[in-house]
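Encoded as structure tokens, the structure appears first; notes follow it.
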Amino acid sequence: MLRRRLSPLLAAAAIGVLAGCGSSDGRTHTAPVKGKITYKGEALHVGSIMFVPEAGGKTAVANISKDGEYVLGSYEDDDGAILGKHRIMIIALTAPGGTGLPEDFIKAKGGAEAQVSVIPEKFSDDKTSKLVAEVKDGENTIDIVLSEKSGEVKQN
């Protein structure tokens, strides 16, 4: 008799726990993330940014706009990043002597082999960038300030 009462309770508890683990389509819950990236006091106007979850899971990515702004997406454009701590990497390439704008690539000869980083290369690897942010439920504004030697993450 006791066994019959516990089974429905255990099933209900298991469903409640599993409901918090993700959505019905297998996606982990995300929260909106946007921000601005500056390098040496100026907007970084080229490249892409990636948030790599420290606990594992889907990496969020975004292209950096001409004004240095980005909006992350994990499963779709602009759907944000999964909750938790993330290591950040930023890749910003241009043609040698270029500014990172698309016209630099048109003028350059040699294609991808001729690309050089606009920012210090340590920022292009999530293990060496030392940039870490925590994505929380709700709106997240995460600005990143880069210099030749270091980077700073500013969260609102």
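So the sequence shown is residues -19 to -1, 1 to 137, counted in mature numbering (1 follows the signal peptide of the UniProt record, and there is no 0).
The beta-carbon is built from N, C-alpha and C at its ideal position, and this holds for glycine as well.
Environment of residue i [buried if 16+ CB atoms lie within 10 Å]
i	result
residue 3	Interpretation of residue 3 is limited by its pLDDT of 48, a score under 50 that renders its predicted location unreliable; the figure taken from the coordinates is listed afterwards. Exposed, by the Cβ-count rule.
residue 75	buried
residue 73	buried
residue 28	buried
Straight-line Cα distance separating residue j from residue i
i	j	result
residue 6	residue 66	23 angstroms
residue 58	residue 43	8 angstroms
residue 116	residue 97	30 angstroms
residue 106	residue 120	26 angstroms
residue 71	residue 118	23 angstroms
residue 24	residue 101	15 angstroms
residue 53	residue 22	22 angstroms
Where the beta strand (DSSP E) containing residue i begins and where it ends
i	result
residue 68	65 to 72
residue 54	First-last for residue 54: undefined, no H or E at that position.
residue 29	29 to 34
residue 132	132 to 136
residue 127	121 to 127
residue 114	113 to 116
Within 8 angstroms, strictly: CB atoms of residue i and residue j
i	j	result
residue 32	residue 62	yes
residue 134	residue 113	yes
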